[in-house]
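**Student:**
2 protein chains.
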Amino acid sequence: MAKPIFPAFDPADVAETNVTTYPEPFRAANSRRWNRRLGDHAGLENFGVNLTRIVPGAQSSARHAHARQDEFVWVVSGEVVLETDEGAQTLRAGMCAGFPAGTGNAHRFVNRSSGDALILVVGDRTPFEEIAYPDIDLHGKAGADGRPAFARKDGTPYRAGASARKLSQPPREGVA
Amino acid sequence: MAKPIFPAFDPADVAETNVTTYPEPFRAANSRRWNRRLGDHAGLENFGVNLTRIVPGAQSSARHAHARQDEFVWVVSGEVVLETDEGAQTLRAGMCAGFPAGTGNAHRFVNRSSGDALILVVGDRTPFEEIAYPDIDLHGKAGADGRPAFARKDGTPYRAGASARKLSQPPREGVA
């Protein structure tokens, strides 16, 4: 079959990234899922669509609940464990899950299988979002663009903490 | 594998419907695609997610362009032809397409194969939407709920037309 022509495309042609905006010490746990930002690639602005590849042992995100943004996940391939307040359940390709804003029921997807799991994740960009993380000392808060900045639950910024550590242990020369 | 527990679910457990809000004479052409409203089933409000089964020879919708709402389509199984202003192209499972609001580039999906095609369709519900249909005398306009009502391009309501026909040719007794 011929290669698709824009606005259609093959997700494989969109670069994968494991970038996370989580602060330390949560970055490593969130860096073994690889996102292809399909919605951004297509020029969509009202919602995001990520094709997320979760390697064995990794998570899609820390367990979280959105206050204002809806989320929907479609399992494309592999097996993935969905963890919510009700516990854990394994989902296979062709199953799906929806997470309405404001329920307080936090979720994450974890790959406990021996192969990659692929999920399609859709979330809107309603402004002034708040994201609760029941399992770790993290809270996300978004402004008008709907993209969250993170802090501790008491509101203390994690950047200040990193800066304090930097003062007590300066980086070696040549290390950024 | 165990049956998924809400908020996860098997799309097969959501009823299929071929309901269309198109007015006559466009209803028949739009009644051979079957939707499972996965987003509504999950309780999502900010965007819709439909799993759409297009039978051979049928279309997902008339070719249309959104003014304010973004749309994203993931091909789940089968083969489907995407028609846009640039022409037609065949897409297979695992390919996708995005339709940003406001481009004016109209699209529809048609099944020209001999088997069912299954696509996952995501669209947000930005209010005061307008939908242009370049190929037929139809225009969609939504209010605050983002759900379109249809009229002719000159603004004449199709319902009035149906009512006028009713006057000139009254229904037989016992026919609703």
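Protein chains in written order, with the working numbering: chain W, 7 to 182; chain S, 7 to 182.
Quick reminder that beta carbons are idealized off the backbone N, C-alpha and C, glycines included.
Predicted model only: the values in this text are computed from it and were never measured.
What residues from chain S crowd round F15(W), counting only those whose CB sits closer than 9 Å?
**Tutor:** Those within 9 Å of F15(W) in chain S are M101, C102, A103 and G104.
**Student:** Let me check understanding here. Comparing Cα to Cα, which of T90(W), N41(W) and P13(W) lies closest to A21(W)?
**Tutor:** Among T90(W), N41(W) and P13(W), the Cα nearest to that of A21(W) belongs to N41(W).
**Student:** Within the continuous beta strand (DSSP E) that includes G54(W), where are the two ends?
**Tutor:** Per DSSP, G54(W) belongs to the beta strand (DSSP E) from F53 to I60.
**Student:** Given L126(S), which residues of its chain have a CB within under 6 Å of its CB, disregarding the five upstream and five downstream residues?
**Tutor:** L57, W80 and V82, listed in sequence order.
**Student:** Output the distance between the C-alpha atoms of G161(W) and A34(W), rounded to the nearest integer angstrom.
**Tutor:** For G161(W) and A34(W), the distance between alpha carbons rounds to 22 Å.
**Student:** Give a yes or no on whether 8 Å exceeds the smallest Cβ distance from W80(W) to chain S.
**Tutor:** W80(W) counts as touching chain S.
**Student:** Less than 8 Å separating the beta-carbons of A48(W) and F78(S)?
**Tutor:** Contact: yes.
**Student:** Does D122(W) get closer than 8 Å to chain S when you measure Cβ to Cβ?
**Tutor:** With 8 Å as the cut-off, D122(W) does not count as an interface residue toward chain S.
**Student:** Counting Cβ pairs, one atom from each stretch, are 3 or more of them under 8 Å apart for the segment 104–113 of chain W and the segment 56–71 of chain W?
**Tutor:** Segments in contact, yes.
**Student:** Please list, in chain order, all residues of the same chain as R131(W) whose beta carbon is under 8 Å from its beta carbon, the five residues on each side excluded.
**Tutor:** Within the same chain, R131(W) has close Cβ partners E51, N52, F53, G54, Q75, D151, G152 and R153.
**Student:** For a test of your reading of the model: does the CB of P140(S) fall under 7 Å from any non-hydrogen atom of the ligand SAH? Yes or no.
**Tutor:** Absence of the ligand SAH from the depicted structure is noted, as is the absence of any ligand whatsoever, leaving it without description.
**Student:** Going by the beta-carbon positions, is the gap between A73(W) and Q95(S) smaller than 8 Å?
**Tutor:** No, the Cβ-Cβ distance between A73(W) and Q95(S) is not below 8 Å.
**Student:** Comparing the C-beta of N41(S) with each C-beta of chain W, is any distance below 8 Å?
**Tutor:** It does not: the Cβ of N41(S) has no partner Cβ on chain W nearer than 8 Å.
**Student:** Could you give the C-beta distance for I60(S) and A18(S), rounded to a whole number, given that I count them as a contact under 8 Å?
**Tutor:** Actually they do not touch by this definition, with Cβ atoms about 17 Å apart.
**Student:** Kindly list the residues whose CB is nearer than 7 Å to the CB of L173(W), restricted to its own chain and excluding five residues on each side of it in sequence; keep chain order.
**Tutor:** Unreliable positioning characterises L173(W) in this predicted model, as indicated by a pLDDT of 37, which lies under 50. The coordinate reading is nonetheless provided below. Around L173(W): no qualifying Cβ.
**Student:** Using CA coordinates, which residue listed in T90(S), I137(S) and V86(S) is at the minimum distance from S120(S)?
**Tutor:** S120(S) has its Cα closest to that of V86(S), out of T90(S), I137(S) and V86(S).
**Student:** If you compare alpha carbons, which of I142(W), K147(W) and A103(W) is closest to P133(W)?
**Tutor:** Selected option, being the one with the closest Cα: K147(W).
**Student:** Return the CA-CA distance between A103(W) and C102(S), expressed in angstroms with no decimal places.
**Tutor:** About 20 Å.
**Student:** Of all the residues that make up the segment 48–64 of chain S, which are near chain W by a beta-carbon distance shorter than 9 Å?
**Tutor:** Listed by position, the residues of the segment 48–64 of chain S near chain W (Cβ gap below 9 Å) are A48, G49, L50, E51, N52, F53, V55 and L57.
**Student:** Can you give me the C-alpha to C-alpha distance between R158(S) and S37(S), rounded to a whole angstrom?
**Tutor:** So the alpha carbons of these two residues sit roughly 20 Å apart.
**Student:** Could one say the Cβ of T90(W) lies closer than 8 Å to chain S's Cβ atoms, at least one of them?
**Tutor:** Closer than 8 Å: yes.
**Student:** Quick check on this structure: which residue in D141(W), A99(W), E30(W) and A107(W) has the alpha carbon closest to the alpha carbon of E89(W)?
**Tutor:** Comparing Cα-Cα distances from E89(W) to each of D141(W), A99(W), E30(W) and A107(W), the minimum goes to D141(W).
**Student:** Are the CB atoms of P62(W) and L117(W) within a distance shorter than 8 Å?
**Tutor:** The displayed chain sequence assigns Asn, not Leu, to residue 117(W). A contact, by the Cβ cut-off of 8 Å.
**Student:** Kindly say whether I11(W), judged by its beta-carbon, lies nearer than 8 Å to any beta-carbon of chain S.
**Tutor:** Cβ-Cβ to chain S under 8 Å: yes for I11(W).
**Student:** Would you mind telling me which residues of chain W sit closer than 7 Å to G45(S), beta carbon to beta carbon, in chain order?
**Tutor:** Near G45(S) (Cβ distances below 7 Å), the residues of chain W are F78 and G104.
**Student:** Y28(S): buried (16+ other C-beta within 10 angstroms of its C-beta) or exposed?
**Tutor:** Result: buried.
**Student:** Once DSSP output is grouped into helix, strand and coil, what is the label at R42(W)?
**Tutor:** Strand, per DSSP.
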